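Undergrad: Per my numbering: the sequence shown = residues 1 to 434.
One structure follows; several queries about it will come next.
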Amino acid sequence: MRMIDIIEKKRDGHSLTKTEIEFFIQGYTNNTIPDYQVSALLMAIFFQDMNDEERANLTIAMVNSGEQIDLSAIEGIKVDKHSTGGVGDTTTLVLGPLVAACGVPVAKMSGRGLGHTGGTIDKLEAIEGFHVELTPQQFEKQVNELKLAVIGQSGNLTPADKKLYALRDVTGTVNSIPLIASSIMSKKIAAGAGAIVLDVKTGEGAFMKTTEDARELAKAMVRIGNNVGRKTMAIISDMSQPLGNAIGNALEVVEAIETLKGKGPKDLTELCLTLGSQMVVVGEKAETLEEAREMLLKVIEDGSALDIFKKFIKGQGGNDAIVDDVSLLPQAKYTYSVPAKQDGYITFMEADEIGTAAMLLGAGRATKESEIDLAVGIVLQKKVGDFVKKGESLATVYANKEEVQEVLDKLTAFIEIEETKKEVPTLIYEIITA
Ligand code: URA
Ligand code: CA
1 MRMIDIIEKK RDGHSLTKTE IEFFIQGYTN NTIPDYQVSA LLMAIFFQDM NDEERANLTI
61 AMVNSGEQID LSAIEGIKVD KHSTGGVGDT TTLVLGPLVA ACGVPVAKMS GRGLGHTGGT
121 IDKLEAIEGF HVELTPQQFE KQVNELKLAV IGQSGNLTPA DKKLYALRDV TGTVNSIPLI
181 ASSIMSKKIA AGAGAIVLDV KTGEGAFMKT TEDARELAKA MVRIGNNVGR KTMAIISDMS
241 QPLGNAIGNA LEVVEAIETL KGKGPKDLTE LCLTLGSQMV VVGEKAETLE EAREMLLKVI
301 EDGSALDIFK KFIKGQGGND AIVDDVSLLP QAKYTYSVPA KQDGYITFME ADEIGTAAML
361 LGAGRATKES EIDLAVGIVL QKKVGDFVKK GESLATVYAN KEEVQEVLDK LTAFIEIEET
421 KKEVPTLIYE IITA
C-alpha cells in the first residue's frame with residue numbers, strides 16, 4: 001500500500017477503506033509516513049469529508065495507536081462525559097456524585113490543562129489532602145464501592161491524535177467535523193468509556209461559534225459512538241455567558257457543593273440535570289430521560305449525592321469537612337466588588353473575556369508552566385436578563401494581589417447594561433439521542 005494512492009483517492013472524493021485508514025494512522029504514529037504526506041491527506045479530508053464508516057474506522061484506528069485503559073474490573077457500564085469546554089463549567093464536579101448516587105459508575109481520568117480556570121483535577125486539589133495518584137487497584141476498588149473516583153492522566157493514550165492535532169494546528173485543518181469528532185471520541189474510548197455523554201457548547205465562549213456547527217459536530221460524535229458500540233448522547237448548550245456564578249477553582253468547589261445541596265445556580269443545576277439524565281440512560285439505570293431526571297432530583301433531595309461527594313473526597317485523602325464548612329477551602333486575601341455604572345438590564349456578558357479576567361487573577365494557566373492560584377476567581381451576582389441598580393454589585397473579585405484594575409475594567413467593559421431587557425439566551429438548544 002502506498003500513501004500517495006490514499007491521498008489521491010481522497011482528493012478525488014472517494015471513500016477510504018478500513019485498511020487504508022489503519023495504514024496511514026499506523027504509519028504516521030511510527031514515523032514511516034512523513035508530515036507532508038499526512039498534511040496533504042488532512043487537507044483532502046477537509047474538503048472531501050468522510051462518511052460514517054470512515055469516521056468510525058478513523059476513531060478506532062486512533063484508539064489502537066496507543067495504550068487503552070482497561071476498566072473491565074469495574075462492574076457496570078462506565079459512563080464518561082465530555083464537554084467541548086466553556087467558562088466556569090463546574091458540571092463534572094456535580095455530575096460525578098449525582099449519577100454515582102443513581103448507581104452509574106464514574107471512573108474518570110482527568111487532566112489539568114490550560115485555560116481560564118484549572119481542570120477538574122486542579123479544582124479537586126483545592127480540597128486539602130485530595131490527591132489523584134491512585135494505583136489501578138485503589139481506583140477500581142473505589143469505583144466498585146462508591147461508583148466514583150478520579151485519577152490523573154497516565155499512559156500513552158491516542159498518540160496518533162496527539163501528532164495529528166499538532167499537525168492540523170499548523171496546516172489549517174483543525175476545523176473539520178470528521179477530524180474533530182474522531183479526535184474527541186478516540187480519547188474517550190481509549191480512556192475506557194463504555195458509554196459517552198457530550199456537551200457541545202455554542203456561543204462566544206465556545207470552540208463552535210454557531211449552533212449549526214455545534215449541531216453538526218454533536219451529531220457526528222453521537223453517530224461515531226453508537227457505530228463503535230458505545231451508547232452516546234449529546235446536548236448543545238449555550239456558552240455565550242459563563243455557566244453558574246463561580247469562575248475559579250475553590251470557588252467552583254463551593255458552587256458544586258451548593259448545587260449538590262439543591263441550592264445551586266439555576267443554569268448550572270438545569271445543565272447538570274439534563275446531562276445527568278443522559279448519563280443515567282446510557283448507563284442503563286433508567287429507561288427514559290424523564291425517569292432518570294426523577295432519580296437525580298431524588299438523590300439531591302435525600303442528600304445521597306452529597307454523601308457520595310463526601311465519601312469520594314475522603315476516599316482520595318481529602319478533608320471532607322469542607323462540605324459542611326466551605327471556609328476550610330483556600331481563601332483569597334482581598335475581595336473587590338464591581339459596581340454597575342447605571343440602572344438597567346444585563347444584556348450581555350462575554351464569557352471569553354470574563355474567563356480571561358479570571359485567568360489574569362491566576363485562576364487558570366496561560367502556559368503549561370504557569371502556577372495556578374486555587375483561591376482566586378470571580379463570583380457573578382448577576383446574569384443576563386437580571387435588573388441592576390446603579391452602584392449595585394455585578395460581581396465579586398477574589399484576589400491575592402492588590403493590583404487588579406485591569407480585571408475590574410474588563411468586567412465593567414464586558415458586562416453590558418442597557419435600558420431595555422433583551423431575550424435571555426436559551427441554555428439548552430438541543431438534545432441529541434441516537
Ligand atoms: N478538541 C479535540 O480534542 N480535538 C479536536 O480536534 C478539536 C478539539
Ligand atoms: Ca461556574
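The beta-carbon is built from N, C-alpha and C at its ideal position, and this holds for glycine as well.
Since the model is a prediction, treat every value here as computed from it, not as a measurement.
Report, in whole angstroms, the separation of the C-beta atoms of Ala234 and Leu198, which I expect to be a contact under 8 Å.
TA: So it is a contact: roughly 4 Å between Cβ atoms.
Undergrad: If I follow the unbroken alpha helix (DSSP H) through Glu416, where does it start and stop?
TA: Looking at the DSSP string, Glu416 is not in any alpha helix (DSSP H); the run it does join, the beta strand (DSSP E), is Ile415 to Glu418.
Undergrad: Relative to ligand 1, what is the chain-ordered list of residues with a Cβ closer than 5 Å to any of its non-hydrogen atoms?
TA: Here the residues come out as Ile180, Ser183 and Ile184.
Undergrad: Alpha carbon to alpha carbon, how far is Leu271 from Val174? Give it in angstroms, no decimals.
TA: Rounded to the nearest angstrom, the two C-alpha atoms are 28 Å apart.
Undergrad: Taking the beta carbon of Lys298 as the centre, do at least 16 other beta carbons fall within 10 Å, making it buried, or is it exposed?
TA: With fewer than 16 Cβ atoms within 10 Å of its Cβ, Lys298 is classed as exposed.
Undergrad: Considering Cα atoms alone, identify which of Glu369, Leu124 and Asn144 is closest to Gly103.
TA: Among Glu369, Leu124 and Asn144, the Cα nearest to that of Gly103 is on Asn144.
Undergrad: To test your reading of the DSSP string, which unbroken beta strand (DSSP E) runs of 3 or more residues are found completely within the stretch 132 to 192?
TA: If we require 3 residues or more, the beta strand (DSSP E) runs fully inside the stretch 132 to 192 come out as 148 to 152.
Undergrad: For Leu408 and Lys147, I'd like the C-alpha separation in whole angstroms.
TA: When rounded, the distance between both Cα atoms is 42 Å.
Undergrad: Please state whether DSSP places Leu198 in a helix, a strand or coil.
TA: Leu198 falls in the strand class under three-state DSSP.
Undergrad: Between the stretch 82 to 102 and the stretch 253 to 271, can you find at least three pairs of beta-carbon atoms closer than 8 Å?
TA: They touch, by the three-pair rule.
Undergrad: So, helix, strand or coil for Ile69, using DSSP?
TA: Correct three-state label for Ile69: coil.
Undergrad: Is the Cβ-Cβ distance between Ile6 and Leu41 less than 8 Å?
TA: Cβ atoms of Ile6 and Leu41: closer than 8 Å.
Undergrad: Since Ala395 and Ala332 should fall inside the 8 Å C-beta cutoff, what is the C-beta to C-beta distance between them, to a whole number of angstroms?
TA: Incorrect: roughly 14 Å between the Cβ atoms, too far for contact.
Undergrad: Let me check you understand the geometry: is the CB of Gly85 closer than 7 Å to at least one non-hydrogen atom of ligand 2?
TA: No, since every heavy atom of ligand 2 falls outside the 7 Å radius drawn around the Cβ of Gly85.
Undergrad: Please list, in chain order, all residues of the same chain as Lys18 whose beta carbon is under 7 Å from its beta carbon, the five residues on each side excluded.
TA: Only Asn57 meet the Cβ criterion.
Undergrad: What does a CB cutoff of less than 7 Å around Arg168 pick up in its chain, not counting 5 residues either side in sequence?
TA: Around Arg168: Leu42, Val174 and Leu179.
Undergrad: Can you say whether Ile4 is buried or exposed, counting buried as having 16 or more other CB atoms within 10 angstroms of its CB?
TA: With fewer than 16 Cβ atoms within 10 Å of its Cβ, Ile4 is classed as exposed.
Undergrad: Any heavy atom of ligand 2 inside 7 Å of the beta-carbon of Asn245?
TA: Yes, the Cβ of Asn245 comes within 7 Å of a heavy atom of ligand 2.
Undergrad: Can you look up Pro105 in the DSSP assignment and give me helix, strand or coil?
TA: Three-state DSSP puts Pro105 in coil, outside helix and strand.
Undergrad: Tell me which same chain residues have a C-beta within less than 7 Å of the C-beta of Ile60, skipping the five on either side of it?
TA: Val228, listed in sequence order.
Undergrad: Compare the beta carbon distance of Ile25 and Ala190 with 8 Å and say whether it is the shorter of the two.
TA: The answer is no: Cβ separation not under 8 Å.
Undergrad: Tell me which same chain residues have a C-beta within less than 8 Å of the C-beta of Asp122, skipping the five on either side of it?
TA: The answer, listed in chain order, is Arg112, Asn249, Ile372 and Leu374.
Undergrad: Helix, strand or coil for Asp373? Go by DSSP, reduced to three states.
TA: In the structure shown, Asp373 sits in coil (DSSP, three-state: anything other than H, G, I, E or B).
Undergrad: Nearest chain C C-beta to Val132 closer than 8 Å, yes or no?
TA: Within the model displayed, chain C is absent; a lone protein chain is all it includes.
Undergrad: In the DSSP assignment, the alpha helix (DSSP H) including Val299 goes from what residue to what residue?
TA: Run containing Val299: Leu289 to Glu301, per the alpha helix (DSSP H) assignment.
Undergrad: Could you give the DSSP three-state label for Thr335: helix, strand or coil?
TA: Three-state result, Thr335: strand.
Undergrad: Could you tell me the alpha carbon to alpha carbon distance between Phe47 and Val79, rounded to whole angstroms?
TA: Approximately 34 Å, taken between the alpha carbons.
Undergrad: Mark Ala195 as exposed unless 16 or more other C-beta atoms lie within 10 angstroms of its C-beta, in which case mark it buried.
TA: The residue is buried, with at least 16 neighbouring Cβ atoms inside 10 Å.
Undergrad: How close, in whole Å, do the beta carbons of Ala160 and Tyr28 come, if the pair is a contact with beta carbons under 8 Å?
TA: Yes, Ala160 and Tyr28 are in contact; Cβ-Cβ is about 6 Å, under 8 Å.
Undergrad: Nearest by alpha-carbon distance to Gly315: which of Gly85, Phe130 and Met1 is it?
TA: Gly315 has its Cα closest to that of Phe130, out of Gly85, Phe130 and Met1.
Undergrad: Just to confirm before moving on: does the CB-CB distance between Gly283 and His116 stay below 8 Å?
TA: For Gly283 and His116, no; Cβs fall outside 8 Å.
Undergrad: Excluding the five sequence neighbours on either side, which residues of its own chain have a C-beta within less than 6 Å of the C-beta of Lys285, listed in chain order?
TA: So the qualifying residues of the chain are Cys102, Gly103 and Val104.
Undergrad: Which residues mark the beginning and the end of the alpha helix (DSSP H) in which Phe23 is found?
TA: Here the alpha helix (DSSP H) through Phe23 covers Lys18 to Thr29.
Undergrad: Measuring alpha carbon to alpha carbon, tell me which of Val397, Asp49, Lys390 and Val338 ends up nearest Leu361.
TA: Closest by alpha carbon: Val397.
Undergrad: Once DSSP output is grouped into helix, strand and coil, what is the label at Gly276?
TA: Of the three classes helix, strand and coil, the one that applies to Gly276 here is helix, per DSSP.
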